[in-house]
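Novice:
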Amino acid sequence: MIKKAKKVRHLFSKKSIGQIPGSVIYTGKKTDQKLFIESFDYNKESCIEKELTNVEECFSFKAGTITWINVNGLNHVDTIEKIGEHYELHPLVLEDIVNTSQRPKIDEYDDYIFVVLKMLYYDANDTIISEQVSFILGEDYVLSFQEAEGDVFDSVRDRLRHAKGRIRNMQSDYLLYTLMDAIVDHYFSVIEVLGNKIEDFESDIFSGNVQDDTSQNIQNLKREILRVRRAMFPLREILNRIEKNENTLIKPKTITYYRDIYDHLIQVSENIEIYREMVWSLMDMYMTTISNKMNEVMKVLTIMASIFIPLTFIAGIYGMNFQYIPELHYKNGYFVVWGVMIAIFLGMMYYFKRKKWL
């Protein structure tokens, strides 16, 4: 219990108990992340993509367009506070943006909607990464905040650049939908990798190819599935609230698209629950395989002991130091004893074979 308490304190060590509500304190680990801000300013006719060199450029976009500003680098708290001041974001919203342990949620305000999601992907070391992404939906803009550079929004950028689909004909609520949809669609890629890992483990265990670290690898796989489940499960509540909300920022015709995300999420949820059961079964299979191997070893040792018990008995009798033992002075006694022992050995082997113990 003491070790567990220390671990919990470590998780919240960067956010002191008793801190003033609304304090903008970065709680992540990537403290040396460079600031990167990009923007897409678009309408039906054009799309202007820029890499912004200073925060003031986030505040000067022409009217009649939809603007997407993507900020990478939550450790740059001063920049986020300036953006929040310009767009009149609540201090608690800014606090949640830089709190990387924030649970996925949605908050509605008078002029904007705040959404927090978890973006999942595998890194080069085949380790699952959970990165927090925060969205601010306004009347004609969407702000997104990420902890580090690199995301799953390349398809959205491509659609904006080349006017693919209906994205440049729609409002900012549709842009938020496409960004959320990209995150949820990437969940499918993650669970596909998880499914392949489970199948590989099943094949190895069934074929008897069990390594010393198999148990640890199964535990790691279980933690990955739980991480996906924690990131995905609250998203149901977010989509339910979007569907039932009466906020004018999300148009009624766009609600249908958000329902499509919900359908995808249900499919992901079902797969995750199936994989959870399969991982538990994997551990049972592993323990059963280990038990079977142990039983095989014990069976061989038991057969060997059973064979040598009568042989040891005979050798023990004729190894006693009594002067008057029958057949002690018999000329061919040594060979007779060997013959009896070999006959017993062969007879027991034949018996074990007939019983299919060998």
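Under full-length UniProt numbering, the first residue of the sequence shown carries the number 1, and numbering increases by one thereafter.
Here a beta-carbon is modelled for each residue, glycine too, at the ideal position from N, C-alpha and C.
1) Would you kindly work out how many angstroms separate the C-alpha atoms of W357 and S281, rounded to a whole number?
2) What do you get for E224, buried or exposed, if any count of 16 or more other CB atoms within 10 angstroms of its CB means buried?
3) Does the segment 58-73 come into contact with the segment 144-162, if we say contact requires no fewer than three beta-carbon pairs (one atom in each stretch) closer than 8 Å?
4) Mapping the DSSP letters down to three states, classify residue 360 as helix, strand or coil.
5) Using C-beta distances below 6 Å, list every residue in its chain close to Y262, excluding the 5 sequence neighbours before and after it, in chain order.
6) When we look at the beta-carbon of Q216 and count the other beta-carbons within 10 Å, is it buried (16 or more) or exposed?
7) Helix or strand or just coil, what does DSSP make of E45?
8) Compute the beta-carbon to beta-carbon distance between S306 and M349, rounded to the nearest angstrom, for a pair I have assumed lies under 8 Å.
9) Could you spell out the range, first to last residue, of the alpha helix (DSSP H) harbouring K299?
10) With 16 as the cutoff for other CB atoms within 10 Å, does V190 come out buried or exposed?
11) Taking only three categories from DSSP, how would you classify K82?
12) Using the DSSP secondary-structure output, state which residues sit across from E108 in a beta bridge.
13) Would V156 pass as a contact of I80 if the rule is Cβ separation under 8 Å?
14) In its own chain, which residues sit with a C-beta less than 7 Å from the C-beta of I314, not counting the 5 before and 5 after it?
15) Grab me the residues of A182's own chain with a C-beta within less than 7 Å of its C-beta, minus the 5 sequence neighbours each way, in chain order.
16) Is the Cβ-Cβ distance between R227 and S134 less than 8 Å?
17) So what does V337 bridge to, in DSSP terms?
18) Hey, would you say L143 sits closer than 8 Å to Y109, going by beta carbons?
19) On a Cα-Cα basis, can you pick out the residue from Q33, E51, T31 that is closest to S39?
20) Suppose the cutoff is 8 Å on Cβ atoms and the five residues either side in sequence are ignored; what does the same chain contact list for I205 look like?
21) Suppose the cutoff is 6 Å on Cβ atoms and the five residues either side in sequence are ignored; what does the same chain contact list for K210 look like?
22) Please state if the CB of R161 and the CB of I167 are separated by a distance shorter than 8 Å.
23) Looking only at its chain, what residues have a beta carbon closer than 7 Å to the beta carbon of T254, apart from the 5 residues adjacent to it on each side?
24) By alpha-carbon positions, which one of R241, I20, H90, Q219 ends up nearest to I106?
25) Among the candidates H264, G165, Y26, whose CA atom is the shortest distance from the CA of L78?
26) What are the partner residues of I59, as DSSP defines its beta bridges?
27) Using CA atoms only, rank isn't needed, just tell me which of F308, N245, G195, K299 is closest to N271.
28) Below 8 Å on the Cβ atoms is my contact criterion, and I expect L311 with F345 to pass it. Report the Cβ-Cβ distance as a whole number of Å.
29) Here's the rule I'm using: 16 or more other beta-carbon atoms within 10 Å means buried, otherwise exposed. How should I20 be labelled?
30) According to DSSP, simplified to helix, strand and coil, what is E243?
31) Three or more beta-carbon pairs under 8 Å between the segment 110-118 and the segment 26-36, yes or no?
32) When you compare the CB positions of I97 and F145, do they come within less than 8 Å of one another, or not?
33) Measure the CB-CB distance between residue 403 and T65 and report whether it falls below 8 Å.
34) In the DSSP assignment, what are the bridge partners of Q132?
35) Within the continuous alpha helix (DSSP H) that includes N196, where are the two ends?
36) Assuming the contact rule is C-beta atoms closer than 8 Å, R103 and P252 should be a hit. Round their C-beta distance to whole Å, please.
Specialist: On the basis of the coordinates in this document:
1) Rounded to the nearest whole angstrom, the CA to CA distance from W357 to S281 is 29 Å.
2) Buried.
3) With a cut-off of 8 Å, the segment 144-162 and the segment 58-73 count as touching, because enough Cβ pairs lie within range.
4) This structure does not reach residue 360, given that the chain is present from 1 up to 358, and the question cannot be answered.
5) Spatial neighbours of Y262 in its own chain (CB-CB distance under 6 Å, excluding positions within 5 residues in sequence) are listed in chain order as L239.
6) Within 10 angstroms of the beta-carbon of Q216 lie fewer than 16 other beta-carbons, which makes it exposed.
7) Under the three-state reduction of DSSP, E45 is assigned to coil, being neither helix nor strand.
8) Under the criterion of beta carbons closer than 8 Å, S306 and M349 do not qualify as touching, at roughly 10 Å.
9) First-last of the alpha helix (DSSP H) with K299: 252-317.
10) Per the 10 Å Cβ criterion, buried.
11) Three-state DSSP puts K82 in a helix.
12) Answer by DSSP bridge pairing, in chain order: I113.
13) Cβ atoms of V156 and I80: not closer than 8 Å.
14) Taken in chain order, the residues that qualify are V337, V340, M341.
15) Around A182, the same chain offers V152, F153, S155, V156 as residues with beta carbons nearer than 7 Å, after the five sequence neighbours per side are excluded.
16) Going by C-beta atoms, R227 is not nearer than 8 Å to S134.
17) Its beta-bridge partners do not exist; DSSP assigns none.
18) No, these two residues do not count as a Cβ contact at 8 Å.
19) Selected option, being the one with the closest Cα: E51.
20) Contacts found: T214, L282, M285, Y286, T289.
21) One point to set straight first is that residue 210 is Val, not Lys, in the sequence displayed. The beta carbon of V210 sits closer than 6 Å to those of T289, all from its chain and outside the five residues before and after it, given in chain order.
22) Taking 8 Å as the Cβ cut-off, I167 and R161 do not qualify as a contacting pair.
23) Only D173, Y174, Y177 meet the Cβ criterion.
24) Checking every option, the nearest Cα to that of I106 belongs to R241.
25) Correcting the residue identity first, residue 78 is Asp in this sequence and not Leu. Closest option to D78, Cα to Cα, is Y26.
26) Contrary to the premise, residue 59 reads as Phe rather than Ile in this sequence. BP columns for F59 are empty, so no partner.
27) Ranking F308, N245, G195, K299 by Cα distance to N271 puts G195 first.
28) Confirmed, Cβ separation roughly 7 Å.
29) Exposed, because fewer than 16 other Cβ atoms sit within 10 Å of the Cβ of I20.
30) Residue state for E243 is assigned as helix, using DSSP reduced to three classes.
31) Inter-segment contact for the segment 110-118 and the segment 26-36 is absent: fewer than three beta-carbon pairs are separated by less than 8 Å.
32) Judged by beta-carbon spacing, F145 lies within the 8 Å limit of I97, meaning their Cβ atoms are closer than that value.
33) In the structure as shown, the chain starts at 1 and stops at 358, and residue 403 therefore has no counterpart that could be examined.
34) Beta-bridge pairing links Q132 to K118.
35) DSSP places N196 inside the alpha helix (DSSP H), whose first and last residues are 172-206.
36) Separation of the CB atoms of R103 and P252 is rounded to 28 Å, and the pair is thereby denied contact status at 8 Å.
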